[in-house]
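Undergrad: Below: one structure in structure tokens.
Numbering (our numbering), first residue to last: 184 to 599.
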């Protein structure tokens with residue numbers, strides 16, 4: 184099935200997952216040249232409300248959804264379930280943009296890359312953190328070569344929430360936010376480094392921080408995983424990168440790039456540049472901090488979520504579909520970022536020893552991992568699969584479960 188979109192003709196698209204997927208349905212999508220025509224979600228009530236809001240057809244059946252007359256699909260269901268649905272959409276002839284993670288196992292990563300190569304459709308990994316104004320500006324400056332070779336980088340996605348908010352976002356003990364290991368949600372921290380420097384991760388070592396039970400929010404959430412992780416990476420140019428994520432206090436998301444002739448960093452809305460100019464003519468300020476503008480459609484980007492990143496996902500997705508050229512956040516980068524989290528968990532469970540990041544652009548390498556279904560998902564539990572915490576099979580306290588259930592009840596949930 185050929186799906187050619189010419190000239191100014193809108194790209195007809197559907198969204199799978201009306202919660203997170205709502206970020207793809209606003210003014211930014213229309214400005215990028217998309218027309219929303221269908222929605223899909225297993226939650227019939229949420230689907231009905233969203234379909235009515237947008238005056239489009241709603242489906243609870245994904246296969247029926249794919250039969251709708253459209254060109255592209257945004258896959259925005261649960262974090263650990265993206266790859267199988269992305270593959271189905273690609274096989275149906277759709278262009279696909281997938282939320283993080285791109286895959287939950289190495290075998291899924293192999294299958295996804297193969298599906299993209301076979302389908303010859305656009306696949307974009309919707310890793311929005313790279314596209315904040317500071318990160319785009321830092322990339323622009325780094326690519327001039329003025330700062331020299333990338334040597335060391337740090338990036339963070341530290342995102343504490345109170346128990347009421349957390350429980351509202353993770354309804355039911357089986358919700359992925361209540362068990363996903365602390366290394367898996369690493370793409371928000373890794374993507375800015377890969378985006379700015381054009382380097383790839385090659386080796387992984389990870390350390391995990393157990394939950395501290397004197398934290399009031401930890402006492403009130405029925406979570407089986409750890410609090411946070413630190414991932415150390417050796418990049419393909421020899422540089423070292425450190426990623427810090429997730430549930431620590433002190434909300435932050437800075438990116439710091441140390442290069443041979445200076446420092447570049449983004450934090451909040453600002454970029455900081457430091458050029459000491461040792462043994463060089465002094466032609467630049469030693470240090471400067473400023474708030475950069477977005478490179479395109481600044482007003483729309485400024486109104487979108489994740490520091491403008493949500494808008495640029497749709498913007499670059501449309502650009503890739505129309506041009507036929509792969510986006511920067513293609514399937515290879517998306518899978519590489521995602522499997523760093525998986526391999527980091529293996530490292531953490533093996534006394535933080537080194538794991539090699541396989542290059543899934545090579546079929547000979549993919550062949551070795553096509554059956555690697557190692558996963559901490561409780562629903563996939565079988566002998567040889569890992570637990571969700573470095574402390575093993577953590578037990579949920581009766582207090583945390585009771586507290587969470589009171590919140591879940593208000594949301595109409597009656598399950599475990």
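C-beta: ideal position from N, C-alpha, C; glycine also.
1. Hey, quick one: how far does the beta strand (DSSP E) through residue 336 stretch, first residue to last?
2. Specify the secondary structure class of residue 354 as computed by DSSP and reduced to three states.
3. Can you tell me where the beta strand (DSSP E) holding residue 413 begins and where it ends?
4. Go to residue 537, then tell me how far its beta strand (DSSP E) extends in each direction, as first and last residue.
5. Could you spell out where the alpha helix (DSSP H) holding residue 281 opens and where it closes?
6. Just verifying my parser: in three-state terms, what is the DSSP assignment at residue 586?
7. For residue 589 and residue 596, I'd like the C-alpha separation in whole angstroms.
8. Any chance the stretch 222 to 235 sits against the stretch 197 to 204, with 3 or more Cβ pairs inside 8 Å?
9. Can you list, in chain order, the residues of its chain whose CB lies under 7 Å from that of residue 553, leaving out five sequence neighbours each side?
10. Alpha carbon to alpha carbon, how far is residue 224 from residue 519? Give it in angstroms, no decimals.
11. Closest by CA to residue 522, which one among 375, 543, 508?
12. Let me check understanding here. Comparing Cα to Cα, which of 246, 433, 443 lies closest to residue 422?
13. Apart from the five residues just before and just after residue 535, which ones in its own chain have a Cβ nearer than 8 Å to its Cβ?
14. Quick check on this structure: which residue in 460, 266, 453 has the alpha carbon closest to the alpha carbon of residue 445?
15. Is residue 407 buried or exposed, if buried means 16 or more other CB atoms sit within 10 Å of its CB?
16. According to the neighbour-count rule (16 or more other Cβ atoms, all chains shown, within 10 Å of its Cβ), is residue 458 buried or exposed?
17. Quick check: is the beta carbon of residue 303 nearer than 7 Å to any beta carbon in chain C?
18. Pairs of beta-carbons, one from the stretch 499 to 517 and one from the stretch 303 to 315, closer than 8 Å: are there three or more?
19. Quick check: residue 431 and residue 341, are their CB atoms within less than 7 Å of each other?
20. Shortest alpha-carbon distance to residue 466 belongs to which of 472, 277, 532, 329?
TA: Put simply:
1. Unbroken beta strand (DSSP E) run through residue 336: 333 to 341.
2. Residue 354: coil per DSSP, three-state reduction.
3. In the DSSP assignment, residue 413 falls within the unbroken beta strand (DSSP E) covering 411 to 418.
4. Counting along the chain, residue 537 falls outside any beta strand (DSSP E), and DSSP gives it neither H nor E.
5. For residue 281, there is no enclosing alpha helix (DSSP H); the enclosing beta strand (DSSP E) covers residues 278 to 281.
6. Residue 586: helix per DSSP, three-state reduction.
7. One Cα belongs to residue 589, the other to residue 596, and the distance between them is close to 10 Å.
8. Per the Cβ contact rule, the stretch 222 to 235 is in contact with the stretch 197 to 204 (3 or more Cβ pairs under 8 Å).
9. Cβ neighbours of residue 553 beyond the five flanking positions: 290, 293.
10. Whole-angstrom Cα-Cα distance: 28 Å.
11. When each option's Cα is compared against that of residue 522, the closest is 543.
12. Here the closest residue by C-alpha is 443.
13. Cβ within range, chain order: 388, 389, 390.
14. Relative to residue 445, the option among 460, 266, 453 whose CA is nearest is 460.
15. By the 10 Å Cβ count, residue 407 comes out buried.
16. Its Cβ being crowded by 16 or more others within 10 Å, residue 458 is buried.
17. No chain C is part of this structure, which consists of one protein chain only.
18. Counting Cβ pairs under 8 Å, three or more are found: they touch.
19. It is a contact, given that the beta carbons lie within the stated cut-off.
20. Considering only 472, 277, 532, 329, the residue with the shortest C-alpha distance to residue 466 is 329.
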